[in-house]
Amino acid sequence: MGRTVRWVAAVAVVVVGFAVAVPVAGAVVATPVASGASVAGAASADLVEQVTRAARDRAGAAEAAHLTGAEVRVLRSDRRQAYGTVVLTTPPGADALPRDWLFIAERDGAGPAWRVALDGQPAFADLAARSGVLSERESAVFAAHGGRLSAAVNGDYRTGMGLPWAVGQSWTVLGGPHAHDAGSGPWSSLDLAGGDQRVLAVRDGLAYTPCVGMIRILHPDGYASRYYHLWNHLRADGTPVSAGTHLGDTGTEIGCGGAANARHVHFSLMHNGNFVGIANHIIGKWLFRNGGAQYGGSALHGSRSVPVGGQVQNYGALGRTQGIVDANDLATVNRRSGPGVGYPVSGTVADGATVSIACSADGTSHTGRWGTSSLWNRLTDGTWVSDAYVYTGLAGPVNGRCGP
Ligand SMILES: [Zn+2]
1 MGRTVRWVAA VAVVVVGFAV AVPVAGAVVA TPVASGASVA GAASADLVEQ
51 VTRAARDRAG AAEAAHLTGA EVRVLRSDRR QAYGTVVLTT PPGADALPRD
101 WLFIAERDGA GPAWRVALDG QPAFADLAAR SGVLSERESA VFAAHGGRLS
151 AAVNGDYRTG MGLPWAVGQS WTVLGGPHAH DAGSGPWSSL DLAGGDQRVL
201 AVRDGLAYTP CVGMIRILHP DGYASRYYHL WNHLRADGTP VSAGTHLGDT
251 GTEIGCGGAA NARHVHFSLM HNGNFVGIAN HIIGKWLFRN GGAQYGGSAL
301 HGSRSVPVGG QVQNYGALGR TQGIVDANDL ATVNRRSGPG VGYPVSGTVA
351 DGATVSIACS ADGTSHTGRW GTSSLWNRLT DGTWVSDAYV YTGLAGPVNG
401 RCGP
């Protein structure tokens with residue numbers, strides 16, 4: 001136990017310059033304070049080198065070409081395993097932006113070789129399952145980051161996330177969906193600023209600080225959220241955070257490389273260690289839509305569309321069995337006493353309202369913004385609305401089918 005505490009307190013940071021050879025073992029492990037604590041004895045340099053190599057392999061040759069440095073933080077270790085963060089950095093001012101992962105490494109026999117797994121790789125979950133260096137909570141969360149769960153990016157757009165600021169505040173969307181590095185990858189990221197400039201966790205999870213200015217939170221179902229360019233930020237090393245925890249402030253920090261011209265948070269959506277297209281995912285009860293080019297697009301809440309440059313209010317997270325009423329440019333949708341237009345109207349529900357769904361059943365067919373559906377949702381107040389006019393993030397029942 002004492003050992004664990006010690007490694008939490010003495011996070012070892014090792015910076016590797018790629019233009020030069022990997023540093024000699026002594027330089028990496030000798031100094032116990034600023035430049036890094038001894039992690040795994042003499043094997044430390046091997047560990048850093050092998051983690052860095054695994055990250056560069058994972059990034060792929062095209063992206064790795066722009067990532068000229070590396071920073072490895074060993075958060076905890078024992079005789080057999082080490083775990084921490086690795087970030088591949090870019091030079092300050094570069095167009096490219098850094099890439100980061102969590103890693104778990106296990107000694108491969110008595111020699112200098114380590115078996116390294118990054119989040120999103122099946123071996124990551126395997127090593128997490130038999131790790132002595134992870135807390136119970138870390139093991140549970142990491143099990144969902146082993147690359148085996150992909151449902152959440154395959155037509156299930158429920159994220160459980162709010163926007164990264166206080167509920168009720170409105171911030172400006174400075175940049176719509178774009179690749180994390182403005183390159184050719186999925187358009188995973190948004191540039192956001194405004195309000196009190198306090199950047200908050202979008203959802204519960206475990207937070208990490210791979211390098212200065214950056215925070216990544218692993219959420220329990222394979223999603224991760226990432227925040228960059230932060231000032232005054234948390235130094236987290238697997239720190240549990242809740243939705244709304246203050247992470248830092250918007251800024252122009254480029255501690256891991258890249259560039260930021262104006263104060264903002266570069267917010268990215270990830271799943272299983274990969275950036276994923278943020279479009280259509282529900283975040284803060286908005287769904288962001290791609291533009292014709294990166295940084296364009298709009299945000300949609302019910303029928304209200306806000307183009308880039310406009311302000312969006314954080315309505316908080318949408319529950320997994322909730323939906324946002326989208327009246328397809330009308331003001332209201334009818335509630336009925338059963339699943340179809342043959343049943344009497346029993347009221348209306350406003351465009352943009354949040355509804356809670358008890359169960360779903362087939363009924364009359366209707367066409368809304370997102371297509372045609374014969375599914376109807378019974379709300380928790382007993383009234384029914386057509387699923388064609390409710391955006392839940394899932395094409396199908398979100399709370400099961402109604403019983404007979
Ligand atoms: Zn950005």
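Using full-length UniProt numbering, you'd call the opening residue of the sequence shown number 1 and step up by one each time.
Here a beta-carbon is modelled for each residue, glycine too, at the ideal position from N, C-alpha and C.
Considering only residues of the same chain and omitting the five flanking positions on each side of D196, which have a CB-CB separation below 8 angstroms?
W165, A166 and Q169
Ligand 1 heavy atom lying under 7 angstroms from the CB of S184
S184 Cβ: outside cutoff for every heavy atom of ligand 1.
Mapping the DSSP letters down to three states, classify G36 as helix, strand or coil.
Low confidence applies to G36: its pLDDT is 35, below 50, so where it sits in the model is not reliable enough to give any reading.
Any idea if A128 is buried or exposed, counting beta-carbon neighbours within 10 angstroms, 16 or more meaning buried?
buried
So, for N290: in the same chain, excluding its five sequence neighbours on each side, which residues have a beta-carbon less than 8 angstroms away from its beta-carbon?
For N290, where only same-chain residues beyond five positions count, the Cβ hits under 8 angstroms are G176, P177, W187, G277, A279, G296 and G297.
Output the boundary residues of the alpha helix (DSSP H) element that contains Q169.
Run containing Q169: none; DSSP gives neither H nor E here.
Judging by CA-CA distance, which residue of T321, L134 and L163 is the nearest neighbour of W393?
In the sequence as presented, Trp is not what sits at residue 393; that position holds Gly. That would be T321, whose Cα lies nearest to the Cα of G393.
If you run the structure through DSSP and keep just helix, strand and coil, what is A65?
coil
Does at least one heavy atom of ligand 1 sit under 7 angstroms from the Cβ of D191?
yes
Hey, how far is the Cα of A27 from the Cα of V72?
Confidence at A27 is low in this model, with a pLDDT of 24, below 50, so its placement is unreliable and the value that follows should be read with caution. For A27 and V72, the distance between alpha carbons rounds to 14 angstroms.
Between the alpha carbons of R235 and Y208, how many angstroms are there, rounded?
Their backbone Cα atoms lie some 7 angstroms apart in a straight line.
Can you grab the Cα-Cα spacing for the pair G371 / A388, in whole Å?
Their Cα atoms are separated by approximately 7 angstroms.
When DSSP labels each residue in this structure, what does R53 get in the three-state scheme?
helix
Below 8 angstroms between beta carbons: does that hold for G292 and C359?
no
What is the rounded straight-line gap between the Cα of G41 and the Cα of V390?
Because G41 sits at a pLDDT of 47, beneath the cut-off of 50, its placement in the model cannot be relied upon, and the point is left open.
Take the Cβ of Q311 as the centre, count every other Cβ of all protein chains shown within 10 Å, and call the residue buried at 16 or more, exposed below.
exposed
Label V173 either buried or exposed according to how many other C-beta atoms from any shown protein chain fall within 10 Å of its C-beta, with 16 as the threshold for buried.
buried
Should D108 go down as buried or exposed, given a rule of 16 or more other Cβ atoms within 10 Å for buried?
exposed
Nearest-angstrom Cα distance between V199 and T252?
13 angstroms
Contact test: H266 Cβ vs ligand 1 heavy atom, cutoff 7 angstroms:
yes
When the Cα of R76 is compared with those of H66, A259, F103 and G284, which residue comes out closest?
F103
Say the cut is 7 angstroms; is the CB of R175 nearer than that to a heavy atom of ligand 1?
Here the sequence assigns Gly to residue 175, which means Arg is not the residue at that position. Yes, since a heavy atom of ligand 1 falls inside the 7 angstroms radius drawn around the Cβ of G175.
At what residue ranges does the stretch 245-288 contain a whole run of the alpha helix (DSSP H), taking only runs of 4 or more?
none
DSSP three-state assignment for V22, whether helix, strand or coil:
With a pLDDT of 32 at V22, under the threshold of 50, the modelled position of this residue cannot be trusted; read the value that follows with caution. V22: coil per DSSP, three-state reduction.
Since G340 contacts G323 with CB under 8 angstroms, what's their CB separation in whole angstroms?
Actually they do not touch by this definition, with Cβ atoms about 18 angstroms apart.
Out of S346, G396 and S139, which has the shortest C-alpha to C-alpha gap to R335?
Taking only the C-alpha atoms, the option nearest R335 is S346.
Have a look at G258 and T250 and give me their C-alpha separation to the nearest angstrom.
16 angstroms
Range of the contiguous beta strand (DSSP E) that encloses R198:
R198 to L200
Output the distance between the C-alpha atoms of G147 and L118, rounded to the nearest integer angstrom.
10 angstroms
Please list the terminal residues of the continuous alpha helix (DSSP H) segment that includes S184.
S184 -> no alpha helix (DSSP H), and no H or E assigned at all.
Bridge partners for V306 per DSSP, in chain order?
Partner(s): A299.
Whole angstroms is fine: what's the gap from residue 493's alpha carbon to V202's?
Limits of the chain in this structure are 1 at one end and 404 at the other, which puts residue 493 out of reach.
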